[in-house]
Amino acid sequence: MNRDPHRRTDPHAAPEPEYPSMAETVRFARTRGTPTVRDVLARSAKDAVVAIQPRCGVGGHPEMRQLLRALESGARPDVLTLTIDSHTRLNRFAHAARLAATDPGALNGYPLVAHGWQRGRELVEAVSAPVEIRHGSPDARRLFRVAVAAGATSFEGGGISYNLPYCKDVPLAHSLACWREVDALTGDLRRAGLTLDRELFGTLTGVLTPPSISLAIGVIEAALAAAEGVGCLSISYPQGGNLAQDVAALRAIPLLARRYLPADVEVYPVLHEFMGVFPGRRAHAEQLIFYGALTARLGGAAKLVTKTYQEALGVPDARANIDGMRLAAVANSPLLDFVTVDAEQVEEELHWLLAEVDDLVAPVLGAADPARAVTAAFADGTLDIPFSASRYARGDVLPCRDASGAIRYAVAGALSLSPAAVARHRRALGLADGPHSMRTLVDRVTRDINHFLHLFKEIEP
Amino acid sequence: MNRDPHRRTDPHAAPEPEYPSMAETVRFARTRGTPTVRDVLARSAKDAVVAIQPRCGVGGHPEMRQLLRALESGARPDVLTLTIDSHTRLNRFAHAARLAATDPGALNGYPLVAHGWQRGRELVEAVSAPVEIRHGSPDARRLFRVAVAAGATSFEGGGISYNLPYCKDVPLAHSLACWREVDALTGDLRRAGLTLDRELFGTLTGVLTPPSISLAIGVIEAALAAAEGVGCLSISYPQGGNLAQDVAALRAIPLLARRYLPADVEVYPVLHEFMGVFPGRRAHAEQLIFYGALTARLGGAAKLVTKTYQEALGVPDARANIDGMRLAAVANSPLLDFVTVDAEQVEEELHWLLAEVDDLVAPVLGAADPARAVTAAFADGTLDIPFSASRYARGDVLPCRDASGAIRYAVAGALSLSPAAVARHRRALGLADGPHSMRTLVDRVTRDINHFLHLFKEIEP
Amino acid sequence: MRSDPAHTDAPESAHEVIVLGVTASDAHAVANQLIAHGLRAHGFTVINLGVCTPIEEFALAVRENPGVLAVVVGSLNGHAYDDLCDLPAARAAGELACPVILGGNLSVGSRKDPDALDRLRRLGVDHILSELTDLAPLLGELARKAARSRRLQTI
Amino acid sequence: MRSDPAHTDAPESAHEVIVLGVTASDAHAVANQLIAHGLRAHGFTVINLGVCTPIEEFALAVRENPGVLAVVVGSLNGHAYDDLCDLPAARAAGELACPVILGGNLSVGSRKDPDALDRLRRLGVDHILSELTDLAPLLGELARKAARSRRLQTI
Ligand code: B12
Ligand code: B12
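Quick note, the sequences are listed as chains A, B, C and D, same order. Counting along the first sequence from 1, when you hit position 404 you're at 404 in full-length UniProt numbering, and nothing is skipped either side. Counting along the second sequence from 1, when you hit position 63 you're at 63 in full-length UniProt numbering, and nothing is skipped either side. Counting along the third sequence from 1, when you hit position 26 you're at 26 in full-length UniProt numbering, and nothing is skipped either side. Counting along the fourth sequence from 1, when you hit position 61 you're at 61 in full-length UniProt numbering, and nothing is skipped either side.
Okay, structure coming up:
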């Protein structure tokens, strides 16, 4: 029995194919006459119009091609996606290849490694929007080579954010080392003339992600990537559902970038439409989708990654995906210039958020070896995420929603936050007065996970 | 050659059929177990959630039934519509009947008189939302009888608003007399136990309709209807495109009702989504649709009549109609509670608007015979509408948009407005300093008619 | 800016005379009024019959105003074919001898069947324009043709 | 509130023991952690193997902890069938003799084919629950049955 805890490569996987040279790769991306993801982001930031991107991935190659074309003609997204299946994410390449050959519809994403970079290029060439690879691989080295060879110009992930939510037993030191290779290659490409966008997955486990944890991990991953020569970074943040908090989080990104990242690195704030439990009824899902898009606009996001009204049900079909993007695009309208957000509330959230991120980030980024400091911080809980899928974060943190729907720490575990910050959180939750039973807290967390189901009265209180 | 200028009945029309008794009609509407339009409006007003209603009408009977069912299952509108074809509107019943029999798809609406009230009832029974008849008949007496017998619980129109935009040579005295009959029958029904909703068509010619004209005509028609015993009135106003102006107009409606209408008459403000030249591109149309729905919400409308992204192209298909309603419904979301409108601007618009409506309405409603006063006022231009289709309004008024997009009088003709009001309008347009050539004004009006095409850059400036 | 009724709007100059109107079942007035203004600005004399104008009323205006250059018909509500179906009979009776120009939104529905235009041509519509900007140039050309044939007649 | 790794989470009472986990390719952790809490609150001893748990790992836990009442498997990412396709072989080898209960989102796509559940049953899944609320009652029933058969064995 295979007890290798890292399980990071598949013993039966096919040998790696020949890749095009770096020069060829750069030439391909630069001479297609279509923008790269970075070009799109730069334009969005300049025009202050949020770029729109779907999630999309199906197992079959012709089906994927057809899906991309349908999405492009139906909604003209600014960026397109290959969402990778979860076997490939975990480097179970043989599994993915077998299903791709026998039952591609059973895959929950596109098995890019199994299909190979030549087919990937066919996809990239089938559409005029640039393509990002969205996955969730703690060790994405092979996938990255295929993605770059295919002509993708953006690659999501990071050594923390694509480990802790996405696997059980890959040590952080290992995933950080793998992503360092990816980032170094990205730096090489940049020097060769192609600036890839590297998006960091601030969404984490998606469910009640505390903004300061999301941003802290984003900033740390960004600093690690910049150190390897990455020149274009998207720091993503998942919509939590409280407008002022979400807007503050998005607006914090450029401020944090200025504080922690080299001046010559471009940083774009990205919003992921609500990443927790989605309402099941179409009308409700549509309201949340629109609200997310409006949040992106008000927060100054350069890009929005959309959801669909089928989110609660399963991988969406093309129609739902198109409708979701079209709806999100409405929030970009000049007719909505009059819509504003409470400036004072945002100011207050922003103030605390910046302080919290500083508290979380400073010890790690101040260390001699930040990657090693990251591993140690997660081991001792001074960095942590809620609902960690991995044993390499303690998962002691417990977030809840306050009366306004904002996400606060009910339990901050060993996070390196100031006592004042922790007290503010617990006060907002009405928990200031000492300990509460775990049972009560779990019931409350469950309720808050289902926040939008309650708000729309899809379930009983 | 038939030179009868009223052309109000068709010499070849079939004899009127037997109608069910008033008691039977009341019983039908009251025992269906579904709400009447008035029930829906009362609930909307109470819950402060805008009711949603499509425009929809096709020539064939089975096609109409199918359309209503598709719209109901696709978007669950609160009210459904039979939009009547333009032959029937002009009492060209034989034309409508011939086309209904030979080429129903060539009709631009449902020929209810030709199909008869029994078929109308089939339609009403096919859906659970109550049905309104929307048309444009200067003489709607026959259509009204059929509509009521069919079980429709709302009937649009009025002696002014369904004359001036809808025909060339029907004297106002005649249309007012016809609508007096309709209103009196509505009063009879109310006493018999069924309160129909009577919606007044404040949209008029739809293109740059000045708010004070829209509301003044609505208030006059409402007063005339109330005098005949009508108990439930919807005063509709067409979205003009400037938010503060449109919100002020909607908020003016209950204030005007309190001032000019008996206390026991229910009055509901209704918004018609933008009724002028619609953008042709789908994404732009969707933005305008959403903006309209948000305007309705912010203005406190009880009901919204929607448009579709096919508006610029032709009578929409079911799919587009469903999408339009779904999109509008998003604006009702509790997630958008934070969206507000500039209170000061609205206050300022409201102040002037109420004064203007008073100026226009008072002379007529103060007269011994208001209906006769209406005819005289349109003859001498103290009442007037822009772009009148009819010779019975002078059509001397010329509206333009100011820099904020608000609709102002460039030429107020002989309207009984105060000099201060007229001066404010012309000042807003930069026309304060004396006369301008008609040529220049027409160019400017043309530009302003195409406002949204310019805003969305669909045409060159 | 509504146009006055036809009878008060008789040609007052030697300019080319255009009869303008909207089809019988159609009440859309705005384009009609703007077109009337535009053509007048181009120097044409416009007899604007306005909305809801049956063929017989167009015919009467042409009969009452000798030398009409063209009849310009708008139709927006989708009923163009049905509203113009008396045109062949009128033509057969010797009415409306001048060119008939049609524009607007010429059939019901948001997907247009090109056959709809052929059907209209078969009714005797001489010119169908999809762009309003083509109207003045077309009328100009018709005016030049008419002048040429008048010159030929006087030779 | 993450569950600790299996080895530190051994049954500490005479309560019924449940092995819990998420399928091999699936990283969705939230329901898993809430279910672990819920079952513990119901008095069960839960060995939570967490996400990304292949059949062999479930089998090992059952082997290492005699008397396991049931194996409760979650699958959210749509890969239930593929992730469980080693189950028949494991069962044939005498592993995983206790009931296997499955729940979550069991196939890819937003329109579900009911055949998907039959396929899973044919792999040897004993109970497929569509509602989480049915889990504790089912385990309760299994516990009563187990107690009855233990009693029968001791008679
Ligand atoms: C949060 C989330 C994530 C997080 C997960 C973080 C983490 N590590 O936990 C992130 C963002 C990382 C993520 C990633 C992915 N996700 Co995800 N995710 C969700 C989301 C939004 C909520 C899931 C959740 O936590 N719910 C809260 C918990 C409490 O409830 P639950 O998991 O829905 O479970 C309920 C029931 O299923 C049931 N239940 C669950 N387990 C069990 C077990 C038993 C025995 C029983 C009886 C009942 C039961 O009880 C719960 C309460 O009702 C759902 C969509 C949604 N529901 O809104 C998608 C969703 C589950 N994800 C999906 C997918 C496909 C993925 C990815 C493969 C990416 C992709 N291709 O889109 C990756 C997974 C990679 C991998 N290796 O598995 C799909 C599954 C599609 C399908 N089946 O057709 C969903 C439905 C989204 C979608 N519409 O496409 N995801
Ligand atoms: C304003 C409006 C109204 C107003 C009209 C008021 C009035 N009396 O003028 C009101 C609200 C009363 C109204 C009523 C109806 N309308 Co209406 N209306 C419109 C709207 C929104 C704008 C029209 C307008 O004024 N445009 C401004 C002027 C300047 O432009 P235009 O009319 O579009 O014309 C342009 C071209 O067509 C061309 N053109 C026009 N005439 C001519 C003539 C020639 C010779 C040439 C070369 C070019 C040309 O030049 C113009 C500039 O580009 C259009 C949709 C749109 N376009 O956005 C619908 C529209 C024209 N209406 C429509 C319909 C069907 C009706 C109704 C029958 C109700 C119904 N069933 O929906 C009734 C008409 C009743 C009747 N008896 O005719 C349909 C026509 C459908 C079709 N063809 O499939 C449209 C397209 C809306 C829709 N999508 O359903 N309407």
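Virtual Cβ for every residue (Gly too), placed ideally from N, Cα, C.
Review point. CA-CA distance, ALA184(B) and LEU194(B)?
Key: 13 angstroms
Check your understanding: Hey, is TYR309(B)'s beta-carbon within less than 7 angstroms of any beta-carbon in chain C?
Key -> no
Check your understanding: In terms of alpha-carbon separation, which member of ASP246(B), ALA285(B), PHE278(B), LYS303(B) lies closest to VAL270(B)?
Key -> LYS303(B)
Check your understanding: Which of the three DSSP states, helix, strand or coil, is assigned to ASP246(A)?
Key -> helix
Practice item. Please say whether THR81(A) and VAL113(A) have beta carbons closer to each other than 7 angstroms? Key: no
Point to revise | Residue from ASP342(A), ILE160(A), LEU189(A) with nearest C-alpha to ALA149(A) | key: LEU189(A)
Check your understanding: Can the beta-carbon of ALA140(B) be found less than 7 angstroms from the beta-carbon of ARG69(B)?
Key -> no
Exercise for review: With distances taken Cα to Cα, identify the nearest neighbour of residue 474(B) among VAL230(B), SER333(B), ARG198(B).
Suggested key: Given a span of 1 to 461 for chain B in the structure shown, any question on residue 474(B) remains unanswerable.
Practice item. Name, going along the chain, the residues of the segment 268 to 298 of chain A whose beta-carbon falls closer than 9 angstroms to a beta-carbon of chain B. Key: ARG282, ALA283, HIS284, GLU286, GLN287, LEU288, ILE289, PHE290, TYR291, LEU294
Review point. Within the present structure, is the beta-carbon of PHE278(A) separated from the nearest heavy atom of ligand 3 by less than 6 angstroms?
Key: For the structure depicted, ligand 3 is absent and the ligand set comprises only ligand 1 and ligand 2.
Point to revise | THR375(B) burial status per 10 Å Cβ neighbour count (16 or more: buried) | key: buried
Exercise for review: Consider the Cβ of LEU243(B): report whether some Cβ of chain A lies at a distance smaller than 7 angstroms.
Suggested key: yes
Practice item. List the endpoints of the continuous alpha helix (DSSP H) containing CYS52(C). Key: Neither: CYS52(C) is in no alpha helix (DSSP H) and is coded neither H nor E.
**Study point:** Length-filtered (4 minimum) alpha helix (DSSP H) runs lying within the segment 250 to 308 of chain B
**Key:** 282 to 299
Exercise for review: Could you name the residues of the same chain whose beta carbon sits closer than 7 angstroms to that of GLU349(B), not counting the 5 residues immediately before and after it, in chain order?
Suggested key: ALA244, GLN245, ALA248
Practice item. Could you check what DSSP says for TYR81(C) in three-state terms: helix, strand or coil? Key: helix
Point to revise | CB contact flag (THR295(B), ALA328(B), <7 angstroms) | key: no
Check your understanding: Taking 7 angstroms as the CB-CB limit, is GLY314(A) close to chain D?
Key -> yes
Review point. So, are the CB atoms of SER110(C) and LEU455(B) less than 7 angstroms apart?
Key: no
Check your understanding: Does at least one heavy atom of ligand 2 sit under 6 angstroms from the Cβ of HIS115(B)?
Key -> no
Exercise for review: For THR25(A), count neighbouring Cβ atoms within 10 angstroms of its own Cβ and tell me buried if that reaches 16, exposed if not.
Suggested key: buried
Check your understanding: Ordered along the chain, which non-local residues of its own chain (more than five positions away) have a Cβ less than 8 angstroms from that of ARG391(B)?
Key -> LYS168, ASP169
Review point. Thinking C-beta only, is LEU353(A) closer than 7 angstroms to ALA216(A)?
Key: no
Point to revise | Partner residues on chain B for SER73(A), Cβ-Cβ distance less than 7 angstroms | key: What SER73(A) touches in chain B: nothing, since even the nearest Cβ is about 12 angstroms away.
Check your understanding: Do you know how far the Cα of ILE213(B) is from the Cα of LEU441(B)?
Key -> 20 angstroms
Practice item. May I have the straight-line CA-CA distance separating LEU76(C) from SER21(B), to the nearest angstrom? Key: 39 angstroms
Review point. Hey, quick one: how far does the beta strand (DSSP E) through LEU398(B) stretch, first residue to last?
Key: 398 to 401
Review point. Just curious, the alpha helix (DSSP H) that ALA97(C) is in, first and last residue?
Key: Unbroken run through ALA97(C): none, as it is neither H nor E.
Review point. So is SER333(B) buried or exposed if we call it buried at 16+ other beta carbons inside 10 Å?
Key: buried
Check your understanding: Buried or exposed: GLN153(C), going by 16 or more other Cβ atoms within 10 Å of its Cβ?
Key -> exposed
Point to revise | Limits of the unbroken alpha helix (DSSP H) element including SER21(B) | key: Element bounds for SER21(B): n/a, residue is neither H nor E.
Exercise for review: For ARG345(B), collect the residues of the same chain with a Cβ closer than 7 angstroms to its Cβ; drop the 5 residues on either side in sequence, then sort them by chain order.
Suggested key: Note on residue identity: the sequence assigns Gln, not Arg, to residue 345(B). Within the same chain, GLN345(B) has close Cβ partners ALA244.
Practice item. Note down, in chain order, all residues in the segment 52 to 70 of chain B with a beta-carbon under 9 angstroms from any beta-carbon belonging to chain C. Key: VAL58, GLY59
Point to revise | Distance cut-off 6 angstroms: LEU143(A) Cβ against heavy atoms of ligand 2 | key: no
Point to revise | Contacts of PRO238(A) in chain B (Cβ-Cβ under 8 angstroms) | key: Going along chain B, no residue has its Cβ under 8 angstroms from PRO238(A), so there is no contact; the nearest lies around 16 angstroms.
Review point. If you check the beta carbons only, do GLY136(A) and TYR110(A) fall under 7 angstroms apart?
Key: no
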